[in-house]
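Peer 1: For the sequence shown, my numbering assigns the number 36 to the initial residue and increments by one for each residue that follows.
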Amino acid sequence: MKNMILCEDLNETIFDKNIPWRKLKNGTVLVTGATGAIGSVIVRTLRAASVEHNLDIKIIALGQNEAKAAVLVEKYKAIFHKHDIRKPIELSQNIDYIFHCAAVTSSAEMILNPLRVCETSLKGTENILVLAREKQVKSMVYLSSIEVYGLTDLNLSLITEKDLGYIDITNPRSCYPESKRMCEVMCNCWLFQHETPIKIARLAQTFGAGTPKDDTRVFAQFARAAVAGEDVVLHTQGKSRGNYCYMSDAVRGLFLLLLKGKNGEAYNVANPAASVTVREMAHLVADKVAGGKVSVVINIPGDIEKRGYAPDVSYTLSADKLMALGWKPKYGLVDMYERMIRDWHGG
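1) Going by other Cβ atoms of all chains shown within 10 Å of its Cβ, with 16 needed for buried, is serine 349 buried or exposed?
2) Start and end of the beta strand (DSSP E) containing glycine 277?
3) From this set, Gly243, Glu219 and Thr67, which residue's C-alpha is nearest valine 369's C-alpha?
4) If you reduce the DSSP assignment to three classes, tell me which class glycine 98 lands in.
5) If distances are taken between C-alpha atoms only, which option among Lys365, Gly381 and Gly200 comes closest to arginine 20?
6) Answer yes if the segment 55 to 65 comes into contact with the segment 117 to 136, meaning at least three C-beta pairs across the two stretches below 8 Å, and no otherwise.
7) Going by Cα to Cα distance, which pick from Tyr302, Met316 and Ala258 is closest to lysine 274?
8) For phenylalanine 50, which three-state DSSP category applies?
9) Would the segment 160 to 167 and the segment 317 to 325 be scored as touching if the rule is three or more Cβ pairs under 8 Å?
10) State whether the segment 96 to 111 contacts the segment 259 to 271, with contact taken as three or more CB pairs (one from each stretch) at a distance under 8 Å.
11) Would a C-beta distance cut-off of 7 Å place cysteine 224 and valine 152 closer than the cut-off?
12) Ignoring anything shorter than 4 residues, give me the alpha helix (DSSP H) runs that lie fully in the segment 119 to 179, in order along the chain.
13) Would you mind working out which of Arg208, His88, Ile194 and Asn148 sits nearest serine 310, comparing C-alpha positions?
14) How would you label methionine 36, buried or exposed, when you count the other beta carbons within 10 angstroms and need 16 or more for buried?
15) Determine the closest residue to valine 405 out of Gln272, Val172 and Gln228, with distance taken between C-alpha atoms.
16) In whole angstroms, give me the CA-to-CA distance for leucine 164 and leucine 81.
17) Output yes or no for whether 7 Å exceeds the beta carbon distance between threonine 246 and methionine 371.
18) With DSSP as the reference, label aspartate 237 as helix, strand or coil.
19) Taking three-plus beta-carbon pairs below 8 Å as touching, is the segment 298 to 312 in contact with the segment 229 to 242?
20) Going by the CB atoms, is the gap between lysine 365 and tyrosine 302 shorter than 7 Å?
21) Determine the burial state of glutamate 230: buried for a count of at least 16 other Cβ atoms within 10 Å of its Cβ, exposed for fewer.
22) If the criterion is Cβ atoms closer than 7 Å, does the pair serine 386 and leucine 293 meet it?
23) Alanine 301 lies in the beta strand (DSSP E); which residues open and close that run?
24) What are the boundary residues of the beta strand (DSSP E) that includes serine 310?
25) Closest to isoleucine 114 by C-alpha separation, out of Pro212, Ser141, Ile202 and Ala69, would be which residue?
26) Quick one: is serine 192 buried, meaning 16 or more other Cβ sit within 10 Å of its Cβ, or exposed?
As structure tokens, then:
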């Protein structure tokens, strides 16, 4: 069955006139973390753009999940290399562009195995930077996270790329945001010392068509409950404010950064209109997505400290810097949920 939602999303991206697709003609693009949600949509987008605009793009996909990679190889003509990003990378092909998406994003893993999280971020990014210099790439996008902001100034209504806050480095859960910060530093050091052309994308929580059904993050848990007609369960008080972005909106932003972004600069990739507390999102799902047929229930588990939830934050990200490149988010939270659920059911 052809997935119409994902096809619509791909078409919106590849026909975006703000993206200078011709720059990719006859180029080779490396995508790390290619079997993850965002990486796999980038691969799909590259293939669709290559066919539609006659670009003859070669796609190299790095990842560890061979089962998920099979689709990228068979349907989207990617060349797959199974590889642990923590180990040095040897590729015979020339590389023109890189999307570095590989990271450990499981909250539970951040508590159970924080060293692996750090190693994947730090060693993985160093290995990619070494490769980028060796191949003399034209542009690279490093996928960072909004978690680098930590606990920000409560007096700020909108958080720009300069408004970094506090991160508790004594908390092992900080392995993720603090290693992401360090990777951003590494990227800028490589730009300064080796002129490696790097842009940094600080991604909000991103979902939509292309998000796996078994995603463990809270928005996916809420969606599965709505589909099943079950109550939406909160495992916290839901006070933390989340910043979100629809998958294809985010991917359009990433391509704009690759081809039009300024080297060494960080850009928020978030929809400011999709900024809500977790509790507000739970009620939105119950009322708008499930049609008021389910309730919101708070059930705080006894082992909550082992679940790796990030500290409560309260900020809304500014996307002005990315919008200056011609980007504009299209889908709000209700649309994000409805399109993701339709994608799960074949569109």
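Glycine included, C-beta positions come from ideal geometry on N, C-alpha and C.
Peer 2: For this structure:
1) Counting of Cβ neighbours within 10 angstroms places serine 349 among the exposed residues, the total staying below 16.
2) Glycine 277 -> beta strand (DSSP E) spans 276 to 281.
3) When only C-alpha atoms are compared, the closest one is Gly243.
4) Glycine 98: strand per DSSP, three-state reduction.
5) The chain is shown from 36 up to 382; residue 20 falls before or after that span and cannot be answered.
6) By the Cβ criterion, the segment 117 to 136 is in contact with the segment 55 to 65, since at least three pairs of Cβ atoms, one from each stretch, lie closer than 8 Å.
7) Met316 is the residue among Tyr302, Met316 and Ala258 whose C-alpha sits nearest the C-alpha of lysine 274.
8) In the structure shown, phenylalanine 50 falls within a coil segment according to DSSP collapsed to helix, strand and coil.
9) No, they do not touch.
10) Contact between the segment 96 to 111 and the segment 259 to 271 is absent, because fewer than three Cβ pairs lie under 8 Å.
11) Cysteine 224 places its beta carbon 7 Å or farther from that of valine 152.
12) Counting only runs of 4 or more, we get 142 to 147 and 149 to 170.
13) Distance check between serine 310 and each of Arg208, His88, Ile194 and Asn148 places Ile194 closest, using alpha-carbon atoms only.
14) Legend: pLDDT at methionine 36 = 43, less than 50; position of this residue unreliable, no value from coordinates given.
15) There is simply no residue 405 to check, as the chain begins at 36 and stops at 382 in what is shown.
16) Taking the straight line joining both Cα atoms gives about 22 Å.
17) Cβ atoms of threonine 246 and methionine 371: not closer than 7 Å.
18) Rather than aspartate, the amino acid found at residue 237 in this sequence is arginine. If DSSP states are grouped into helix, strand and coil, arginine 237 belongs with the strands.
19) With a cut-off of 8 Å, the segment 229 to 242 and the segment 298 to 312 count as touching, because enough Cβ pairs lie within range.
20) Their beta carbons are not under 7 Å apart, which means tyrosine 302 does not touch lysine 365 by this criterion.
21) Glutamate 230 comes out exposed.
22) One cannot answer for residue 386 here, as it falls past the ends of the chain, which runs 36 to 382.
23) For alanine 301, the uninterrupted beta strand (DSSP E) segment begins and ends at 301 to 304.
24) First-last of the beta strand (DSSP E) with serine 310: 310 to 312.
25) The residue with the shortest Cα to Cα distance from isoleucine 114 is Ala69.
26) Serine 192 is exposed by the Cβ-count criterion.
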